[in-house]
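Student: Sharing a structure, written as structure tokens. Questions coming.
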Amino acid sequence: MHKRQHSREFKLDVVRQVSTGQKRPAQVCREYGLAASVLSRWRKEYQERGELAFLSTESGPATEASRVAELERFCGQLALENQVLKKALQSRGLGSVTP
Numbered sequence: 219m220h221k222r223q224h225s226r227e228f229k230l231d232v233v234r235q236v237s238t239g240q241k242r243p244a245q246v247c248r249e250y251g252l253a254a255s256v257l258s259r260w261r262k263e264y265q266e267r268g269e270l271a272f273l274s275t276e277s278g279p280a281t282e283a284s285r286v287a288e289l290e291r292f293c294g295q296l297a298l299e300n301q302v303l304k305k306a307l308q309s310r311g312l313g314s315v316t317p
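Counting in our numbering, the sequence shown runs from 219 upward without gaps.
This is the structure in structure tokens:
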């Protein structure tokens, strides 16, 4: 099962529908296919932060740069592991391994 990502606008719209009494929580959950726990978490954040709810607390460019660095390290690690595995296969006489 994959984790769905909802936009900030979607979350605010859903929470506002419930908080204004326009729709009941169960109705919103059925309509949008949300788990009650997800809606509950969104409502709690909206109560605590108001219109500032669902804003990322991390800064964009700095976070993006750190994510790129993390992915580059991971890529390097995978490249090293592939080299080791290729050498192991070749030493066992399993022929050449092509990418």
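For glycine and all other residues, C-beta sits at the position ideal for the given N, C-alpha and C.
1. Can you find the residues in the same chain that come closer than 6 angstroms, C-beta to C-beta, to Ala254, ignoring five residues on each side of it along the sequence?
2. Which of helix, strand or coil does DSSP assign to Lys241?
3. So the candidates are Gln301, Leu252, Val233; which of them puts its Cα closest to the Cα of Trp318?
4. Are the beta-carbon atoms of Arg226 and Leu273 separated by less than 9 angstroms?
5. Can you tell me which of Arg310, Lys305, Leu230 puts its alpha carbon nearest to the alpha carbon of Arg267?
6. Classify Arg310 as helix, strand or coil using the three-state DSSP reduction.
Tutor: Short version:
1. Cys247
2. Of the three classes helix, strand and coil, the one that applies to Lys241 here is coil, per DSSP.
3. The structure shown does not extend to residue 318, since the chain spans only 219 to 317, so no value can be given for it.
4. Yes.
5. Of Arg310, Lys305, Leu230, the smallest CA-CA separation from Arg267 is found for Leu230.
6. coil
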